[in-house]
Every structure is written in C-alpha cells, then in structure tokens.
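Some notes on the structure that comes next.
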Amino acid sequence: MESSAVHTQNFLSVLILAGGNSRRMGTDKALVPVDGEAMLAQVCRVARGCSDRVFVLTPWGDRYQAVLPPDCQVLSEARSPGEEAPGPLVGFAAGLRQLSREWVLLLACDLPRLEGAQMGAWAAQLPQVPAEAIAWLPRLGDRWDPLCGFYRRRCLASLEAFIEGGGRSFQRWLDREVVEVLPVDDPQWLFNCNTPDDLRILAGGDRPPPPA
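Per the numbering used here, the very first residue in the sequence shown carries number 366; after that it's consecutive.
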C-alpha cells in the first residue's frame with residue numbers, strides 16, 4: 366500500500382518550528398526523549414509519513430542535526446546572539462518564505478501524541494478544503510490551534526502585512542482571515558509537552574489533560 370506521502374508530495378511541505386527557549390521545561394524540549402526518541406525526531410518521523418519535504422526551522426541547526434532523520438532539512442532562522450525568540454508567528458513567516466508548495470503543514474516540535482496515520486488522512490483531504498480558506502486548523506473552544514494544522518502558501522502576503530503592522534498573535538491574525546475548521550476526533554493528538562509535569566504524565570502512560 367502506498368504511503369500518504371506519495372499522494373501529497375507535489376503540493377504539501379511540512380514546517381516544524383524549533384526556535385523556542387523552552388523556559389517552562391527547563392531544558393531544550395526538542396531534545397527531551399519520549400519513548401526513547403527525542404521529541405523533535407519523533408515529530409519529524411510522523412511528518413515524513415505525509416510529505417517527502419520536511420523542514421525544521423531553527424537558529425540551532427548544529428544542535429539538532431544528530432537527532433534529525435537524514436531526509437529532514439534544516440532551515441536557518443536568523444537570530445543575533447542573545448536575541449530573544451521573535452515568536453512562532455514570525456518564525457512561520459520566515460519559514461514560509463523559503464517554501465514553494467501550495468500547502469504547508471505547520472507543527473510545533475513538542476507534539477508527542479501525533480499519529481502518523483491520522484496526519485496522512487488529514488493530508489489526503491486537502492483537495493476538499495474550500496478555495497477561499499487560507500488555512501485548515503483545529504479549533505479548541507474559541508481559539509485556533511495554529512501549530513498543528515495546514516496553511517495555503519498564499520497566506521504569506523497577509524501574514525507579512527500583519528507582522529509589519531506590529532502583529533505577533535496567531536489568534537488575531539487568523540480571526541481576520543477565512544479559516545476552515547479541521548475536525549479532531551481526539552484532542553489528545555494536539556497535546557503540547559511543555560513542562561516536567563507533562564513529561565511525567567507521558568512517562569506514566571496517563572492520558573494527558575485536554576488542551577487548554
């Protein structure tokens with residue numbers, strides 16, 4: 366049976382953001398092992414199941430090279446020494462400028478409950494997303510989950526204009542745009558592992574709490 370990557374390879378890239386400071390974890394969460402595998406490597410492996418083009422945007426390419434699968438590429442996020450992380454919205458724009466396919470799956474590096482089969486099933490439905498929508502994203506309550514969803518590359522112009530106007534909030538930007546809701550059967554797939562307590566939940570095999 367052919368993988369979903371075969372069917373989506375011409376129109377979908379994956380962009381994984383790995384430029385945060387991991388303050389709540391107390392150590393670089395991208396390198397924290399879950400089930401014996403660094404979280405970043407785990408997310409890359411799952412992403413590879415729905416696209417042949419997987420990119421990691423980070424200012425620390427050398428730090429992560431040893432854990433990345435060989436077919437995942439690093440995109441450099443320019444940052445001066447000591448400069449604070451500009452935030453995921455700015456990082457997304459920086460990565461999107463370097464991609465060319467119609468769709469981009471944007472992922473955080475701390476999603477240990479992602480399932481490859483589900484990601485592939487979502488990717489296979491992209492041709493059915495209404496043409497006017499710039500993104501297809503999960504919605505939790507009254508908020509979008511911007512770091513586990515699909516964006517059309519043409520959103521870049523709107524995104525850059527929002528950032529140039531001082532905007533840094535995914536929610537505020539997305540609330541101005543046409544976004545289609547991505548149905549999620551199990552919200553645990555979207556669980557972000559941000560703290561040592563989150564790690565203990567995962568290590569104990571407990572079901573993480575629903576995303577906030």
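Glycine included, each C-beta is placed from N, C-alpha and C at the ideal position.
Kindly indicate which residue of L440, A450 and M484 has the alpha-carbon position closest to the one of R626. Examination of residue 626 is not possible in this model, given that the chain is present from 366 through 577 alone.
Have a look at A431 and A403 and give me their C-alpha separation to the nearest angstrom. 10 Å
Express the C-alpha separation of C474 and Q483 in angstroms, rounding to a whole number. 17 Å
Indicate whether the contact test is met: 3 or more Cβ pairs, each with one atom in the segment 433-448 and one in the segment 517-526, closer than 8 Å. no
Helix or strand or just coil, what does DSSP make of P561? helix
Measure the alpha-carbon distance for D417 versus C513 and round it to whole angstroms. Taking the straight line joining both Cα atoms gives about 18 Å.
Beta-ladder partner(s) of C513, from DSSP: Answer is L472, bridged to C513.
Nearest candidate by alpha-carbon position, reference L555, set G384, N386 and V408: When each option's Cα is compared against that of L555, the closest is V408.
Roughly how many angstroms separate the alpha carbons of L491 and R428, rounded to a whole number? 33 Å
Buried or exposed (CB count within 10 angstroms, at least 16 for buried), G506: exposed
Nearest CA to the CA of P503: which residue from R444, V411 and Q553? Q553
Based on the DSSP output, what are the partners of S441 in its beta bridges? T423
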